[in-house]
């Protein structure tokens with residue numbers, strides 16, 4: 024598109040002079056007013072379940088920010104939180120939009136459970152996932168501890184295998200919505216060394232009983248080394264795994280040893296193993312039978328990085344996520360099947376400040392996605408965010424205290440960053456580019472959790 028002004032670009036795309044859509048588009052490009060990102064598509068998205076009855080977007084922001092400030096017992100923070108959201112510097116996760124500051128649901132994005140090898144434990148984890156889904160989160164589970172099919176069990180019986188126990192978890196997602204806002208979702212993780220792995224990678228095949236859950240394979244360094252050496256069985260299994268990914272888009276591939284080599288020092292020193300990931304596979308946290316990890320997420324808008332890089336935006340975002348955790352802990356008090364997740368939140372206080380708008384930032388500055396300049400910016404920007412987030416976590420440890428597992432570490436959160444996929448959030452935030460992903464094309468349709476959205480590229484050059 025060859026244009027000289029924002030107004031002309033809006034007119035050229037819409038095809039009508041100064042329609043409401045064109046005016047929204049011009050406002051979006053200028054970024055010089057509060058709620059610049061709130062165009063007709065953003066509003067439509069938010070009105071499909073994210074707002075309370077009779078609530079408009081500004082009311083929702085007021086509700087969310089007041090609740091976050093209240094948890095810090097500092098109403099002076101409310102204005103700062105509102106500035107982050109209204110200016111489009113920080114993007115809220117869907118559960119925060121829908122549930123923060125309300126009596127319904129939880130402001131946490133997702134959970135992971137460790138499924139133990141006994142009927143009582145499996146039953147407890149089924150109940151846990153039911154409650155997690157009901158209260159608004161996406162869910163996942165690690166099944167590697169379960170004995171394989173036909174393995175002996177007590178009283179001369181035989182196990183039906185790990186995959187068979189995934190059936191009730193799929194049924195949960197088919198019948199229970201996430202806090203009444205969107206359909207439930209679940210991802211199952213299993214080690215590639217598990218004897219049921221061949222049955223596992225057939226999930227979502229035409230003849231599989233499991234059609235609606237997501238699934239991920241956990242791969243160790245030892246298995247990869249044997250594969251590279253040419254182990255025929257492993258080479259054949261790898262071929263089938265890749266064929267499944269080509270045909271079905273899954274399984275996810277989770278490199279277990281990579282996750283554990285790079286986990287926070289506290290997890291290494293306290294021997295806490297990371298077994299699998301979450302529904303969207305961006306979270307690297309430990310779960311066990313007594314603790315289920317939680318995903319406390321929001322994202323910085325990199326499209327506007329140059330606006331907020333020298334401000335307190337990252338600091339305020341960490342304060343905000345800490346408040347989200349506090350609300351989760353308060354809301355889950357006394358809920359029986361939320362005890363493992365609540366225990367994790369209290370003891371770890373892990374948060375995940377991510378990003379969206381990365382490709383939009385590159386396009387805006389005429390930088391090719393895979394260029395040397397882009398790689399240098401990646402190091403600079405993410406180091407900047409991480410350093411500021413860690414400094415803020417240390418400040419909060421001094422003022423609010425360290426959780427159980429961080430006593431003596433002088434930090435309040437076991438993790439501070441996580442790069443989540445942000446398709447819905449990007450659609451809400453003026454249709455910027457999602458996460459760190461490249462934009463598909465200059466005009467495309469996006470499938471969202473709450474319907475379809477048509478998106479066009481804001482910038483002239485699409486590298």
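In the working numbering, the protein residues as written are 24 to 486. Built from N, CA and C at the ideal position, the CB exists for glycine as well. Just so you know, these numbers come straight off a predicted model, no measurement behind them.
Here residue 103 carries a helix assignment [DSSP, helix/strand/coil]. Taking all protein chains in view, the Cβ of residue 325 is crowded by 16 or more other Cβ atoms within 10 Å, so the residue is classified as buried. Here the C-alpha atom of residue 345 lies approximately 23 Å from the C-alpha atom of residue 157.
Measuring C-alpha to C-alpha distances from residue 444 to each of 380, 393 and 412 identifies 380 as the nearest.
A Cβ-Cβ separation of about 14 Å leaves residue 355 out of contact with residue 370 under the 8 Å criterion. Take residue 89, set aside five residues on each side of it, and the residues of its chain with a beta-carbon closer than 7 Å to its own are 101 and 124, in chain order.
For the 8 Å CB-CB criterion, residue 319 and residue 374 form a contact. Annotation for residue 189: 166, 211, 233 and 236 place their beta carbon closer than 7 Å to its own, counting only its chain and skipping 5 residues before and after. Contact annotation: residue 194 and residue 239 have beta-carbon atoms that are not nearer than 8 Å.
Bridge pairing for residue 54: absent [DSSP]. Judged by DSSP in its simplified three-state form, residue 307 adopts coil rather than helix or strand. Residue 382 sits close to residue 461, with the two beta carbons spaced by under 8 Å. Per DSSP, residue 342 has no beta bridge partner at all.
If the five residues before and after residue 84 are omitted, its C-beta is found closer than 7 Å to the C-beta atoms of 105, 108 and 109, all from its own chain and listed in chain order. Straight-line spacing of the CA atoms in residue 164 and residue 457 works out to 26 Å. Under DSSP, residue 359 shares a beta bridge with no residue. By the beta-carbon neighbour count (other beta carbons within 10 angstroms, threshold 16), residue 258 is exposed. Counting only the Cα atoms, residue 449 lies some 27 Å from residue 414. Where residue 335 is concerned, there is no enclosing beta strand (DSSP E), because DSSP gives it neither an H nor an E.
A Cβ-Cβ distance of about 27 Å is found for the pair residue 154 and residue 451, leaving them out of contact under the 8 Å criterion. Between residue 367 and residue 314, the C-beta spacing is below 8 Å. Taking the C-beta atoms as reference points, residue 151 is found nearer than 8 Å to residue 363.
Here the C-alpha atom of residue 349 lies approximately 11 Å from the C-alpha atom of residue 92.
Secondary structure of residue 443 (DSSP, three-state): coil.
Take the alpha-carbon of residue 399 and the one of residue 411: they are about 19 Å apart.
For residue 276, no alpha helix (DSSP H) segment is defined; the enclosing uninterrupted segment is the beta strand (DSSP E) at 275-278. Residue 307 and residue 281 have their C-alpha atoms some 10 Å from each other. For the set 141, 94 and 70, the Cα lying nearest the Cα of residue 353 is the one of 94. In the structure shown, the three-state DSSP call for residue 75 is coil. Between the C-alpha atoms of residue 419 and residue 342 there is a straight-line separation of about 8 Å. Apart from the 5 residues on each side of it in sequence, residue 297 sits with its Cβ closer than 8 Å to the Cβ of 279, 282, 283, 286, 290, 307, 308 and 309 in its chain, given in chain order. Note on geometry: alpha-carbon atoms of residue 171 and residue 223 lie some 11 Å from one another. For the region 102-153, the continuous beta strand (DSSP E) assignments of 3+ residues that do not extend past its boundaries occur at 113-115, in sequence order. Listed in chain order, the non-local C-beta contacts of residue 103 below 6 Å within the same chain comprise 339, local neighbours out to five positions each way being set aside.
Among the bridge pairs identified by DSSP, residue 163 is matched with 210.
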